[in-house]
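Engineer: Please find one structure pasted underneath; my questions will follow.
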Amino acid sequence: MTGTLASESSAATRRPAGRWVLLFVLAGNMLIDALEVSVVIVALPSMAGALELSPWQAHWTMSGFALGFGALLLLGSSVTARWGRRRAYLAALLVFAVASLIGGVTHSAVLLVLTRLVKGACAALTAPTGLTIINTTFPEGEQRRKAVSAYSLFGAAGFTVGILVSGVLTGVDWHWVLALPGPIALVLFGFAVRLIPAETSRPARSRIEFGPLANGALRRSALGAATLNGTYLGLLLLVTFSLQHEHGWSPWRTALAFLPACLPVALSAPFSGRMVARFGSAALILLGALAAMSGYAYQLVPVPDESYAVRLLPTMLLVGLGFVLSFGALNMQATSELPAAEREFAVPLYQCAVQCGAVVMLTTTAGLLSFLDSELPALLLITAVSLVGVLIALSGPRAARRTST
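Start counting the sequence shown at 164; every next residue gets the next number (the working numbering).
Set out below in structure tokens:
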């Protein structure tokens, strides 16, 4: 039966219409993978209250997903080499759906975190494997460029969708935030079984290669992206507890407060390549790091007006600008100096660094909020780490000059 379905899938994707339906399925799954990064942010205070958790305990629902994602990214090639892309993708999508449904009904904090770990591991398989399937299904040229752009756009939009979903559903019941991706994943699974083609050969790579880390551009990009992503999520964690616990904001109002930071990233994603081509990755990365650091530093400045427009909006806009300028540039710079044969090894290393940045900053920020009776230490930490990101960005032009001489 499995062989029959795989054969039917291969036949379906040889037709143009079948390929574009497959793209919709893969991109839809990419959206919910990206959505899972942000979907619990606004719900955290409600979850913490219902389960009697401190911010440090509650944050593991966020960090658990990032930890599972980062860990399996390095092992995903072994899984796909052993099982094949089709079976690995379908199994991960099905397990993701089941874990979502379990997370949506449980009242156990431990089980909830475990489901988030599992979902992160599943996303680490489906996200890169989906891109590989696109590259092997769509003919090289304009069709493949359009398909990859659409796939990337859905991924960029996922974070914003997660914030909005969290704001809407938390007001009803925070369990829905965790359960909603499950039925969607099951629908996508039903299409994916019929559409994902069988491989003509097994993927050759089945090991982790750390050799690309010798490349300076990859190291700088990985560290820069880790600081950018980690400080951003740390700030959102701090602000969501502050707005809802201290100022009495609703989850939906909190979600809207975050839009100036995350929506511009989704809207600008299709144009990141043009920006890099015009201004260069080094300049964009430095400007982005400076913008984000300025946003965090602004929170340390006492202001007489505590309204959202004066107290928080400038930070959201500056951090959003930082991502618009630098996140795409960091992705492109990561593999820009590597030979083609090493790029497939470098991408998981880079993405793992991004997830590790999230885990480290979420954990330390939540710990400071839980064990110290002040937001100031957490804000100082976030600002200091963002300064490290600026220094890393500054080291790029110096390294380029040393190489050229």
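Each residue gets a CB set at the ideal place from its N, CA and C atoms; glycine is no exception.
1) If you run the structure through DSSP and keep just helix, strand and coil, what is F434?
2) If you scan the segment 435 to 462 from start to end, which runs of the alpha helix (DSSP H) of 4 or more residues do you find wholly inside it?
3) Taking L194 as the reference, which of G233, G353, P414, L294 has the closest Cα?
4) Could you spell out where the alpha helix (DSSP H) holding L346 opens and where it closes?
5) Just the C-alpha distance for A472 and L480, rounded to the nearest angstrom, thanks.
6) In angstroms with no decimal places, state the Cα-to-Cα distance between L406 and L400.
7) For L198, count the other beta carbons within 10 Å of its own beta carbon; 16 or more makes it buried, fewer makes it exposed. Which is it?
8) What's the call for A380, buried or exposed, on a 16-neighbour Cβ count within 10 Å?
9) With a threshold of 7 Å on Cβ separation, who are the neighbours of P375 within its own chain once the five nearest residues in sequence on each side are excluded?
10) Tell me whether the beta-carbon of L280 lies closer than 8 Å to the beta-carbon of G231.
11) Do you know offhand how far A418's Cα is from G330's?
12) Can you tell me which of the three DSSP states A361 falls into?
13) Nearest to R441 by CA position, among G530, A429, N392, L488, is which residue?
14) At the level of alpha carbons, what is the spacing between G227 and A503?
15) Mark P467 as exposed unless 16 or more other C-beta atoms lie within 10 angstroms of its C-beta, in which case mark it buried.
16) Is the beta carbon of N378 closer than 8 Å to that of G520?
17) Can A432 and L316 be called in contact, C-beta distance under 8 Å?
18) With DSSP collapsed to three states, give me the class of G379.
19) Please work out which residues of its chain come closer than 6 Å, Cβ to Cβ, to T568, disregarding the five sequence neighbours upstream and downstream, and give them in chain order.
20) Going along the chain, which residues of its own chain have a beta-carbon closer than 6 Å to the beta-carbon of F354, five neighbours each way excluded?
21) Considering only the alpha carbon of each residue, which of L539, L453, L257 lies closest to T289?
22) Does the Cβ-Cβ distance between A342 and L264 come in under 8 Å?
23) According to DSSP, is F301 helix, strand or coil?
24) Does DSSP put I326 in a helix, in a strand, or in coil?
25) Evaluate G559 with the Cβ neighbour count: other Cβ atoms within 10 Å of its Cβ, from every protein chain shown; 16 or more gives buried, anything less gives exposed.
26) Put L388 into one of helix, strand or coil per three-state DSSP.
27) Can you give me the Cβ contacts of P414 inside the same chain, cut-off strictly under 6 Å, excluding the 5 residues immediately before and after it?
28) I'd like the list of long-range same chain contacts for A429, defined as Cβ closer than 6 Å, with 5 residues on each side in sequence excluded.
29) Are there 16 or more other CB atoms within 10 angstroms of the CB of K282, so buried, or fewer, so exposed?
30) Would you grab the beta carbon distance between L351 and G239 for me? Rounded to a whole angstrom, and I think it's under 8 Å.
31) Which whole runs of the alpha helix (DSSP H) in the segment 458 to 535 are 4 residues long or more, in chain order?
32) Specify, as a first and last residue, the run of the alpha helix (DSSP H) that A262 falls within.
33) Within the same chain, show all residues whose beta-carbon is closer than 7 Å to that of R149, passing over the 5 residues directly before and after it, in chain order.
34) Considering only residues of the same chain and omitting the five flanking positions on each side of T300, which have a CB-CB separation below 7 Å?
35) Is P477 closer than 8 Å to G458 when the C-beta atoms are compared?
36) Grab me the residues of K309's own chain with a C-beta within less than 7 Å of its C-beta, minus the 5 sequence neighbours each way, in chain order.
Structural biologist: Answer, in terms of the structure:
1) Here residue 434 corresponds to residue number 271 of the sequence shown, with the count starting at 1. Helix at F434.
2) Runs of the alpha helix (DSSP H) inside the segment 435 to 462: 435 to 442, 444 to 461.
3) To locate residue 194, count along the sequence shown from 1; it is residue 31. It is L294 whose Cα lies nearest to the Cα of L194.
4) Taking the sequence shown and counting its residues from 1, the one referred to as residue 346 is at position 183. Per the sequence shown, residue 346 should be read as Pro rather than Leu. 344 to 358 is the span of the alpha helix (DSSP H), which, as asked, contains P346.
5) The residue labelled residue 472 in the question sits at position 309 within the sequence shown. The residue labelled residue 480 in the question sits at position 317 within the sequence shown. Distance between the alpha carbons of A472 and L480: 11 Å.
6) Working through the sequence shown from its first residue, we reach residue 406 at position 243. Working through the sequence shown from its first residue, we reach residue 400 at position 237. Using only the alpha carbons, I get a separation of about 10 Å.
7) Locating residue 198 in the sequence shown gives position 35, counting from the first residue. Per the 10 Å Cβ criterion, buried.
8) Position 217 of the sequence shown, counted from the start, is the residue given in the question as residue 380. The residue is buried, with at least 16 neighbouring Cβ atoms inside 10 Å.
9) Against the sequence shown, residue 375 aligns to sequence position 212. Excluding positions up to five away in sequence, the list reads L381, L501, E505, F508, A509, L512.
10) Translated into positions along the sequence shown, residue 280 becomes position 117. Translated into positions along the sequence shown, residue 231 becomes position 68. Taking 8 Å as the Cβ cut-off, L280 and G231 qualify as a contacting pair.
11) Residue 418 sits at position 255 when you count from the first residue of the sequence shown. Residue 330 sits at position 167 when you count from the first residue of the sequence shown. A418 and G330: Cα-Cα distance of roughly 5 Å.
12) Looking up residue 361 in the sequence shown gives position 198. The three-state reading of DSSP puts A361 in coil, since its state is none of H, G, I, E or B.
13) Taking the sequence shown and counting its residues from 1, the one referred to as residue 441 is at position 278. The residue with the shortest Cα to Cα distance from R441 is L488.
14) Against the sequence shown, residue 227 aligns to sequence position 64. Against the sequence shown, residue 503 aligns to sequence position 340. Between G227 and A503, the C-alpha separation is close to 33 Å.
15) Reading the sequence shown from its first residue, position 304 is the one you call residue 467. P467 comes out exposed.
16) For the purposes of this step, residue 520 is identified with residue 357 of the sequence shown, where counting begins at 1. For the purposes of this step, residue 378 is identified with residue 215 of the sequence shown, where counting begins at 1. Going by C-beta atoms, G520 is not nearer than 8 Å to N378.
17) Along the sequence shown, read from residue 1 onward, the residue named residue 432 stands at position 269. Along the sequence shown, read from residue 1 onward, the residue named residue 316 stands at position 153. In contact: A432 and L316 (Cβ atoms closer than 8 Å).
18) Residue numbering aside, residue 379 sits at position 216 when the sequence shown is read from its first letter. If DSSP states are grouped into helix, strand and coil, G379 belongs with the helices.
19) On the sequence shown, residue 568 is found 405 positions in, with the first residue counted as 1. Unreliable positioning characterises T568 in this predicted model, as indicated by a pLDDT of 48, which lies under 50. A coordinate reading is not provided.
20) Taking the first residue of the sequence shown as position 1, residue 354 is located at position 191. Taken in chain order, the residues that qualify are V188.
21) Working through the sequence shown from its first residue, we reach residue 289 at position 126. It is L257 whose Cα lies nearest to the Cα of T289.
22) The residue you call residue 342 lines up with position 179 of the sequence shown. The residue you call residue 264 lines up with position 101 of the sequence shown. Taking 8 Å as the Cβ cut-off, A342 and L264 qualify as a contacting pair.
23) As a first step, residue 301 must be located in the sequence shown, where it is residue number 138. In the structure shown, F301 sits in coil (DSSP, three-state: anything other than H, G, I, E or B).
24) Taking the first residue of the sequence shown as 1, we reach residue 326 at position 163. The three-state secondary structure of I326, taken from DSSP, is helix.
25) As a first step, residue 559 must be located in the sequence shown, where it is residue number 396. The residue is buried, with at least 16 neighbouring Cβ atoms inside 10 Å.
26) Residue mapping note: residue 388 aligns to position 225 of the sequence shown, counting from 1. With the sequence shown as reference, residue 388 is identified as Ala, and Leu is not the correct amino acid for it. Of the three classes helix, strand and coil, the one that applies to A388 here is helix, per DSSP.
27) Position 251 of the sequence shown holds residue 414. The residues are V205, G330, T333, G334.
28) Residue numbering aside, residue 429 sits at position 266 when the sequence shown is read from its first letter. Counting only Cβ-Cβ distances below 6 Å, and skipping sequence neighbours, we find A319, A320, T323.
29) Translated into positions along the sequence shown, residue 282 becomes position 119. K282 is buried by the Cβ-count criterion.
30) Taking the first residue of the sequence shown as position 1, residue 351 is located at position 188. Taking the first residue of the sequence shown as position 1, residue 239 is located at position 76. About 19 Å; that fails the 8 Å criterion.
31) 471 to 474, 476 to 497, 503 to 534
32) Taking the first residue of the sequence shown as position 1, residue 262 is located at position 99. Its alpha helix (DSSP H) spans residues 248 to 268.
33) Nothing in the structure corresponds to residue 149, since the chain is present only between 164 and 568.
34) The residue given as residue 300 occupies position 137 in the sequence shown. Contacts found: T176, R182, L185, P360.
35) On the sequence shown, residue 458 is found 295 positions in, with the first residue counted as 1. On the sequence shown, residue 477 is found 314 positions in, with the first residue counted as 1. Contact: yes.
36) The residue given as residue 309 occupies position 146 in the sequence shown. Cβ within range, chain order: n/a, list empty.
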